[in-house]
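**Student:** First, the structure itself, so that you have it in front of you.
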Amino acid sequence: MKRLTDEEVSRPLYEYDAAVRAENGCFAGVDEAGRGPLCGPVCVAACILDPENPVWGINDSKKLSEKKRERLFEEIKAKALAYSIVFVGPEIIDRDNILNATMGGMRQAVEQLEITPHLVLVDGNRCPAELAMPARPVVKGDATSASIGAASILAKVSRDRYMMELDRQYPQYQLAKHKGYPTKLHYELIAQYGIQPFYRRSFLKKQGYWPEGK
């Protein structure tokens with residue numbers, strides 16, 4: 001079976017974007033990374049790609065290797081017309097819940113773009129409220145739209161880098177291995193070492209897990 005080139009992988013996503021752009025003009029793609037982990041921020045990115053300067057290889061970040069995501073991350077930042085990356089910390093997630101925290105991060109990411117888009121495409125089935133422009137949800141958007149795919153890469157790599165830095169500060173939690181997600185190993189390490197300020201306490205309580213005396 002022939003392996004697709006980066007251009008062949010991304011071309012359908014760029015064709016989708018071209019159709020959206022023809023109807024709406026300049027638009028941004030928005031996606032997030034890190035809604036499910038027990039700790040760390042949720043990271044949101046918004047991106048306006050340059051149709052004249054494509055980044056071949058863009059796809060759903062989960063389908064890409066870490067090495068390829070890292071390469072595309074730098075290329076997207078260099079070639080995009082505008083992009084914005086926002087971190088929403090555990091304290092806001094605990095206060096507002098993960099959905100509202102994510103929607104708020106998406107709104108902030110769009111507002112911080114240096115170019116104001118006419119439309120926002122959001123990965124998933126919901127859009128943030130109170131945007132200054134129309135927004136449209138796109139289910140599996142990171143594998144449908146190049147702009148959303150680019151945002152997914154920006155968000156994923158940014159969050160992974162953040163968690164790697166936390167791992168250097170708190171090596172006992174082995175965050176580089178699980179990136180904060182609820183694995184068996186992660187629960188065992190929490191039981192052993194307790195809760196740090198970067199944990200989402202609401203997540204631990206919701207899952208019935210709250211180590212006594214930690």
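In the UniProt record's numbering, the protein residues as written are 1 to 214.
All C-beta atoms in this analysis are idealised placements derived from N, C-alpha and C, irrespective of residue type, glycine included.
Would you kindly report the start and end of the unbroken beta strand (DSSP E) that includes Ser84?
**Tutor:** Start and end: 82-88.
**Student:** When you compare only the Cα positions, how much space is there between Asp123 and Ala191?
**Tutor:** Taking the straight line from one Cα to the other gives about 35 Å.
**Student:** State buried or exposed for Glu188, treating a residue as buried only when at least 16 other CB atoms are found within 10 Å of its CB.
**Tutor:** So Glu188 ends up on the exposed side.
**Student:** Taking the C-alpha atoms as reference points, what is the distance between Ser10 and Ala146?
**Tutor:** Their backbone Cα atoms lie some 7 Å apart in a straight line.
**Student:** From what residue to what residue does the beta strand (DSSP E) around Phe27 run?
**Tutor:** Element bounds for Phe27: 27-33.
**Student:** Hey, Asp94 and Arg159 are a contact pair by Cβ (cut 8 Å); roughly how many whole angstroms apart?
**Tutor:** At roughly 18 Å, the Cβ-Cβ gap does not stay under 8 Å, so Asp94 and Arg159 are not in contact.
**Student:** How many Å lie between Leu4 and Pro51 at the Cα?
**Tutor:** The alpha-carbon atoms of Leu4 and Pro51 are separated by roughly 21 Å.
**Student:** Mind checking whether Val20 and Val120 have CB atoms under 7 Å apart?
**Tutor:** No; because the gap between Cβ atoms is not below 7 Å, this pair is not in contact.
**Student:** If Lys156 and Arg69 are in contact, beta carbons under 8 Å, what's the gap, nearest whole angstrom?
**Tutor:** Right, their Cβ atoms sit about 6 Å apart.
**Student:** Return yes when the Cβ of Leu13 is within less than 7 Å of the Cβ of Ala150, no when it is not.
**Tutor:** Going by C-beta atoms, Ala150 is not nearer than 7 Å to Leu13.
**Student:** Identify the continuous alpha helix (DSSP H) that holds Ala129 and give its terminal residues.
**Tutor:** Where Ala129 is concerned, there is no enclosing alpha helix (DSSP H), given that its DSSP letter is neither H nor E.
**Student:** Of the residues Ala176, Tyr181, Gln196, Val110, which one's Cα is nearest the Cα of Gly34?
**Tutor:** Cα-wise, what sits closest to Gly34 is Tyr181.
**Student:** Flag this pair as yes or no: are the beta carbons of Lys177 and Met163 separated by less than 7 Å?
**Tutor:** No; because the gap between Cβ atoms is not below 7 Å, this pair is not in contact.
**Student:** Would Glu32 and Thr102 be called neighbours here (beta carbons separated by less than 7 Å)?
**Tutor:** Yes. Within cutoff.
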